[in-house]
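Reading through the structure tokens given below for one structure.
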Amino acid sequence: MVLAILLCLVGSYKNLTFLPVILANTGIAIYQEIRSKKILDNLTVLSAAKVTVIREGKEKKIDIESLVLDDVVLLETGQQIPADATVLEGKLQVNEGLLTGEADEITKEIGDSLMSGSFIISGKAYVQLERVGYDSYISQLTVKAKKMGEGEQSEMIASLNKLIKWIGIIIIPLGLTLFGQSYFVNEDTIKESIVAMEAALIGMIPEGLYLLTTIALAMSASRLAKERVLLHNMKSIETLARVNVLCVDKTGTITENRMTVQKLLVAKNETAQKNSERITGLISDYAKAMASDNVTMEAIQDYFTDYTDQEVRTVQPFSSVQKFSSVSFSEGTYVLGAPEMVLRDQFLKYQEEFSHYTEQGYRVLVFGAYPQELTEMVLEAEVIPLGYILITNPIRKEAPATFAYFKEQGVAIKVISGDNPQTVSSVAKQAGIANAEKYIDVSQLAEEEYGKAVEEYTVFGRVKPEQKMRFVQLLKEKNTVAMTGDGVNDILAMKEADCSIAMASGNEATIQAAQVALLDSDFSKMPEIVAEGRRVVNNIERSASLFLVKNIFSFLLSVFSILFALTYPLEPSQITLISLFTIGVPSFLLALEENKNRIEGKFMFNVMEKAIPGGLTDMMVVGALVVSGVSLQLNKTDVSTASTMLLTAVGFLVLYKICQPLNRFRGRIILFCAGGIVFSVIFLHKLFSISAISAVSILLLIILFFAAESIFRQLSQLIEKYSRLKNDQRKRTLIEWLKDLFRFKFDEPKE
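The sequence shown begins at 1 in the working numbering and counts up one residue at a time.
In structure tokens form, the structure reads like this:
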């Protein structure tokens, strides 16, 4: 806007042609943002977390945003605590790992405080809210986290922000220097000096790039929203497209989020055989005493219904860390859980009784008698197994095809589960996961062995929540990692991953913690999300190269003009013409194209690799034209128009190269833009400051165009050669590469 005002002050109205382009870009961006926001808002309302609150003596579901101080809220397993509160009635197992970094499960009873942002592992309680909104603990942490906002940006957005920041730092002193040199040294008029300065500055500003990026991301988010894929974080589109390791849980990801009890095996010990007729009733009473807060318990409750209505004394809910639960009746105490965790030292003694079933993919839970009432989740005495419950978990129909897609794309799959490793391995094989036979029981691993294990194995069983988080941390050291999940035991690992994906069939806390939520719990949408991310990143990378050609050239020509006391040869209207048909229109159209190519390398390095040859070529040939114009005493109009034509020609060379391999769509873009240039030169030449030029200028233009083609080709080959070396041997410096190149060209081959 400042540039437009300066042009108005000196009466150079025709050079305001850049203004409508900027206004149109802004208008389109605003329209697309509003349109996308409406779609996302509608989807967010459907997935918004709700809580049960007690008002006027009745329980009612309301949005979290509607909670007020002193509200009494009912909290259950899988929920995230919405505000700081105190327990009034009931008992909870809470994980505060997202707030404190510690993954321990903490028991909260009457009178204990709850911190917002932590999540409930198990239990049920009525709580009274003490601090809500901005006063709550999680809000204070969020305020601090926002100060670190730069770390939340994706590589692409961070690169673009840095580029714009550096351009903003450079253009002000450069523009003032250019104006001073033109006005005071070359003795041009104020109007000529301002016009020359603005042409240089407009050329250095990537005015449409950030808007194009914003539009592309918004359109992607809205496309995915129509497929019921909700993005909580826009950077997840790019991150998921770059993922090369995908960590998945078994239940809810490979398999459906439902389970079915197939049968009960009575244990072969004497105690179990004597009580064989009572075991079904005991399990039925046990299940009745437990809350229906996970799919496993729901399956057990559906299967075992022969209640004997024993008196319940105490209940210890299932712990994802200890992997068992317990109920004490008036006549005895019983535990139910993973065989390794319940039987402990006796596990090998009883393993043969059920190992055949774990190898077939059954999930096995042991139900046993414990000699004393449990007040804490610690088993000190021996558990006597009474029976083994065999549970099946159907594999998602779409899972094999989805995992086959990721295998084709070079994405490694890591299955990290709390279940028996043999069971998980069997299920993973059925789902078509590569190397699923490479499994390990993490409960038998020392922490110092984790690093080696994550590289060697595919399936990890008996993993605790904090171990999941640690595995993701180790994988992130060399990879871009995504984590899928649907349970509270996945949350810590999901928060640690570069990108997290939650199934809506899971619990509320997991959905809110994830960057991406699959609202239909359809795992087959994953390839679609990856493809959308690749389309956005690849197309913006290509478009950014077009923008940076102009930026590099304008910067170098400005420095060249200052160093050699030459007047900048172009006008803003001419820069607008070049930008419109060699950058703006093609970059917008190319951004709409399908592009599922795998993303490789760093965003800015790839952009510069494509942009530098064009920018340097522009600088060399236009610089030669300006110097020749001074030597041959050509008038400014000839030099200006010839420079515009030369830059347009090089612009199409760059566009043609970026459109490789050429297809019908890209060919039409080039023809359309070429037609736009021809039309503008013939019918709008006055608007864009294009005029007839002398025969000498035409001859010079032809010579420099052929020189430009050769220079551009040679520079492109040189940069590509360097790029290959850079990818193969990243530790080499540019100097080392030049030495190698010199030896490659001139040294005699060794025999």
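Just so it is clear, CB atoms sit at the ideal spot from N, CA and C, and this is done for glycine as well. Since this is a predicted model, take the numbers as computed values, not measurements.
Short Cβ contact (8 Å threshold) for residue i with residue j
{"i": "I120", "j": "L88", "result": "no"}
{"i": "F652", "j": "A674", "result": "yes"}
{"i": "T480", "j": "V415", "result": "no"}
{"i": "Y388", "j": "L265", "result": "yes"}
{"i": "V650", "j": "G676", "result": "no"}
{"i": "Y286", "j": "T333", "result": "no"}
{"i": "L129", "j": "D70", "result": "yes"}
{"i": "I612", "j": "L178", "result": "no"}
{"i": "A216", "j": "A482", "result": "no"}
{"i": "V72", "j": "V51", "result": "no"}
{"i": "K124", "j": "A291", "result": "yes"}
{"i": "T213", "j": "I540", "result": "yes"}
{"i": "D498", "j": "T239", "result": "yes"}
{"i": "S325", "j": "G337", "result": "yes"}
{"i": "F547", "j": "S587", "result": "yes"}
{"i": "L557", "j": "Y568", "result": "yes"}
{"i": "M503", "j": "T296", "result": "no"}
{"i": "A289", "j": "V261", "result": "no"}
{"i": "N663", "j": "N597", "result": "no"}
{"i": "T648", "j": "I702", "result": "no"}
Euclidean distance between Cα positions of residue i and residue j
{"i": "I433", "j": "V243", "result": "17 Å"}
{"i": "A517", "j": "Q574", "result": "47 Å"}
{"i": "R462", "j": "S716", "result": "53 Å"}
{"i": "T576", "j": "F688", "result": "8 Å"}
{"i": "A624", "j": "D618", "result": "10 Å"}
{"i": "I599", "j": "I658", "result": "16 Å"}
{"i": "I714", "j": "V654", "result": "Note that residue 714 corresponds to Gln in the displayed sequence, not to Ile. So the alpha carbons of these two residues sit roughly 13 Å apart."}
{"i": "F679", "j": "I501", "result": "50 Å"}
{"i": "A692", "j": "A642", "result": "9 Å"}
{"i": "E380", "j": "D306", "result": "30 Å"}
{"i": "G208", "j": "D638", "result": "29 Å"}
{"i": "Y722", "j": "I164", "result": "26 Å"}
{"i": "G149", "j": "K476", "result": "With a pLDDT of 38 at G149, under the threshold of 50, the modelled position of this residue cannot be trusted, and the question is left open."}
{"i": "E105", "j": "G506", "result": "20 Å"}
{"i": "L46", "j": "K226", "result": "Here L46 scores only 46 on pLDDT, less than 50, and its place in the model should not be relied on; the value that follows carries that caveat. Between L46 and K226, the C-alpha separation is close to 13 Å."}
{"i": "E96", "j": "K108", "result": "11 Å"}
{"i": "S545", "j": "M608", "result": "7 Å"}
{"i": "K91", "j": "D309", "result": "23 Å"}
{"i": "S425", "j": "P385", "result": "25 Å"}
{"i": "S697", "j": "G175", "result": "28 Å"}
{"i": "V454", "j": "G281", "result": "43 Å"}
{"i": "K550", "j": "V627", "result": "20 Å"}
{"i": "T142", "j": "V132", "result": "Residue confidence is low: T142 scores 45 on pLDDT, short of 50, so the model does not pin down where it sits. Its coordinate-derived value is still stated next. Taking the straight line from one Cα to the other gives about 14 Å."}
{"i": "G601", "j": "V536", "result": "15 Å"}
{"i": "A199", "j": "F672", "result": "25 Å"}
{"i": "L390", "j": "S443", "result": "22 Å"}
{"i": "G753", "j": "S543", "result": "Residue 753 cannot be examined here, being either before or after the span of the chain that is shown, 1 to 751."}
{"i": "G533", "j": "A241", "result": "5 Å"}
{"i": "Q372", "j": "V342", "result": "14 Å"}
{"i": "V681", "j": "E594", "result": "32 Å"}
{"i": "E340", "j": "P465", "result": "17 Å"}
Residues bridged to residue i (per DSSP)
{"i": "Q80", "result": "F119"}
{"i": "M503", "result": "L518"}
{"i": "Q93", "result": "T107 and S122"}
{"i": "T648", "result": "T648 pairs with nothing; no bridge assigned."}
{"i": "M753", "result": "Absent from the model: residue 753. The displayed extent of the chain is 1 to 751, so no value can be given."}
{"i": "D63", "result": "K50"}
{"i": "P661", "result": "According to DSSP, P661 bridges with nothing at all."}
{"i": "S691", "result": "DSSP output for S691 lists no bridge partner at all."}
{"i": "V266", "result": "G387"}
{"i": "A369", "result": "Y334 and I384"}
{"i": "L129", "result": "A85"}
{"i": "I413", "result": "L246"}
Below-8 Å beta-carbon distance, residue i vs any chain B residue
{"i": "S689", "result": "Protein chain content of the structure displayed is limited to a single chain, and chain B is not contained in it."}
How do the region 219-238 and the region 578-589 stand: do at least 3 beta-carbon pairs fall below 8 Å, yes or no? At 8 Å Cβ cutoff, the stretches do not touch.
So, do the region 508-528 and the region 225-238 have three or more beta carbon pairs nearer to each other than 8 Å? These segments touch.
Could you tell me whether the region 348-364 touches the region 397-413, using the rule of 3 or more Cβ pairs below 8 Å? In this structure the region 348-364 does not lie against the region 397-413, because fewer than three pairs of beta carbons, one per stretch, are closer than 8 Å.
Determine contact between the region 114-130 and the region 66-84, defined as no fewer than three beta-carbon pairs at a distance below 8 Å. Contact annotation: the region 114-130 touches the region 66-84, with at least three C-beta pairs closer than 8 Å.
Does the region 169-189 come close enough to the region 523-540 that 3 or more CB-CB pairs lie under 8 Å? Judged by Cβ distances under 8 Å, the region 523-540 makes no contact with the region 169-189, as fewer than three pairs qualify.
What are the uninterrupted segments assigned as alpha helix (DSSP H) that are 4 or more residues long and contained completely in the region 190-228, given in chain order? Counting whole runs of 4 or more residues, the region 190-228 contains the alpha helix (DSSP H) stretches 190-204 and 209-226.
Is it true that the region 195-209 meets the region 486-494, where meeting means three or more beta-carbon pairs spaced less than 8 Å apart? Counting Cβ pairs under 8 Å, fewer than three are found: no touch.
Enumerate, from N- to C-terminal direction, the unbroken beta strand (DSSP E) stretches of 3 or more residues contained entirely within the region 433-483. Complete beta strand (DSSP E) runs here, min 3: 439-441 and 459-461.
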